Amino acid sequence: MFSEKKVMIPGPTPVIGPIREEMGREMQAFGDPRFVRDYKDLIDGLAELVACKGQAFPLAGTGTLAMEMAVANSTRPGDDILIVSHGFFGDRFIDICERKGRKTDVISSKWGETVSIEDLEERLDSKEYRAVFVTHVDTSTGVRAPIAEIGELLKSYPDTLYILDGVAATGGEYTHMTDMNIDILFTGSQKAFGVCPGMFVLWAGNKALERRAEIGKISEYYVDFEKWLPIMEDPSRYFATPAVNLVWAMKKSMEIMQDEGMKERAARHERNGRAMQKAFENMGFTVLAKPECRTTTLSCLIYPEGINDADFRAKLSEEGIVIAGALAEFAGKACRVGHMGNIDSDLLISVIATMENTMRASGVNVEIGSSVAAFTKALEG
Ligand SMILES: *Cc1c(COP(=O)(O)O)cnc(C)c1O
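The opening position of the sequence shown corresponds to residue 1 in my numbering, with each subsequent residue numbered one higher.
And the structure:
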């Protein structure tokens, strides 16, 4: 009643004060030398953050637009592409690619599991694919793909670009484009970057930039690398208006990540995420993703017998914690909790305590305080 609701869905994630303040700053012209410097710092700093040797494009739009940008600049209509799908967002790639006339093959897993490296290798041997699309963390299932192993495998297929949807992962799960052999990576501002929705970052490695040059004119306009490359080089030039305040907010988020360190940030997500999952299991939930492919950024939680999803989430929301419903076949049977971004353990503890209370109020027999204890014990190792 007295405090704001805590938004614990898998994006948007909580936006901390210093980032929120950037959103309220007084406007500057996009050609103002101060803004141009800030934008350039963001563009260059973002590339370093994930070890991208090519170009980072932080632009207005959401993660879905980044998906289109990735497809449009890396392949032509008629190209054979392979989509590795672990759920809802993998399936979104299929729709985008088919609309754009790509010849699309799909290899998918059961929800909660991943496609095996052996199956992937077998597919790659069956055809010459121009690109492989993988979702790092599928937000519908909380499943994490083995991105380093896939990158290693793709070294044997040098004509196939490796395109990774990092929207619910990058900035939480560790991602190193060079070491992991990733050609295109992208994310949205509202996920592990902890910024308001409205901006995406797409990173293109050198191989991806070469591919763009090779495929000639494309039918897309706003998302064409060639339109943006001169702007990314010199942001005082105009192509389309930059999202000024989001540039500042992303820059603040980037600085927070630089200070924390990307490895340390991933380790924090690992510690907190695993401890959250212990606490959820303690209150009677089953984590959908198998332990060997479970992400650290969010959890898809299957309810114990007898809990009504809509009632549970409504009660929880009255107590100030907002979580998300599940998608597709798990709608009504599971819920999803985001635990990524700039989140302290005191927030996580209050989420656990409130969820546990709500479980008890819904008739689940869980000992008072035991889920917070499970969390704390797991943190201590
Ligand atoms: C959220 C999400 C998207 C879509 O991003 P929008 O910003 O909602 O367009 C794509 N892929 C994954 C894995 C996501 O989690």
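Using N, Cα and C, we set each Cβ at its ideal position, and we do this for glycine too. Being a predicted model, the structure only gives us computed values, none of them experimental.
Bounding residues of the alpha helix (DSSP H) (the contiguous stretch that carries residue i)
i                 : result
serine 317        : 309-318
phenylalanine 133 : Taken as a continuous stretch (DSSP letters only), phenylalanine 133 belongs to no alpha helix (DSSP H), being part of the beta strand (DSSP E) at 131-135.
isoleucine 117    : 117-126
valine 372        : 370-380
glutamate 152     : 147-154
Any non-hydrogen atom of ligand 1 closer than 6 Å to residue i Cβ
i                : result
phenylalanine 89 : yes
alanine 168      : yes
aspartate 165    : yes
threonine 62     : yes
threonine 354    : no
threonine 241    : no
threonine 376    : no
glycine 11       : yes
glycine 188      : yes
threonine 139    : yes
threonine 114    : no
threonine 297    : no
threonine 175    : no
threonine 135    : yes
Simplified DSSP assignment, three categories, for residue i
i                : result
phenylalanine 89 : helix
glutamate 305    : coil
lysine 103       : strand
aspartate 346    : helix
glutamate 281    : helix
alanine 324      : strand
valine 7         : strand
valine 351       : helix
First through last residue of the beta strand (DSSP E) which encompasses residue i
i           : result
leucine 202 : 199-204
valine 337  : 334-338
Paired residues, beta bridge with residue i - DSSP
i              : result
isoleucine 184 : Ile163, Ala204
threonine 286  : Ile302
threonine 297  : Beta-bridge pairing links threonine 297 to no other residue.
threonine 170  : Glu173
serine 108     : Ser85
Min CB distance residue i to chain B below 7 Å
i            : result
cysteine 293 : This model lacks chain B altogether, as it is built from one protein chain only.
Curious, which full-length beta strand (DSSP E) runs of at least 3 residues does the segment 15-99 contain?
-> If only uninterrupted beta strand (DSSP E) runs of at least 3 residues are considered, those enclosed by the segment 15-99 are 55-60, 80-85.
Segments assigned alpha helix (DSSP H), at least 4 residues, entirely inside the segment 187-262 | Unbroken alpha helix (DSSP H) runs of no fewer than 4 residues, entirely contained in the segment 187-262, are found at 206-215, 225-233, 244-260, following chain order.
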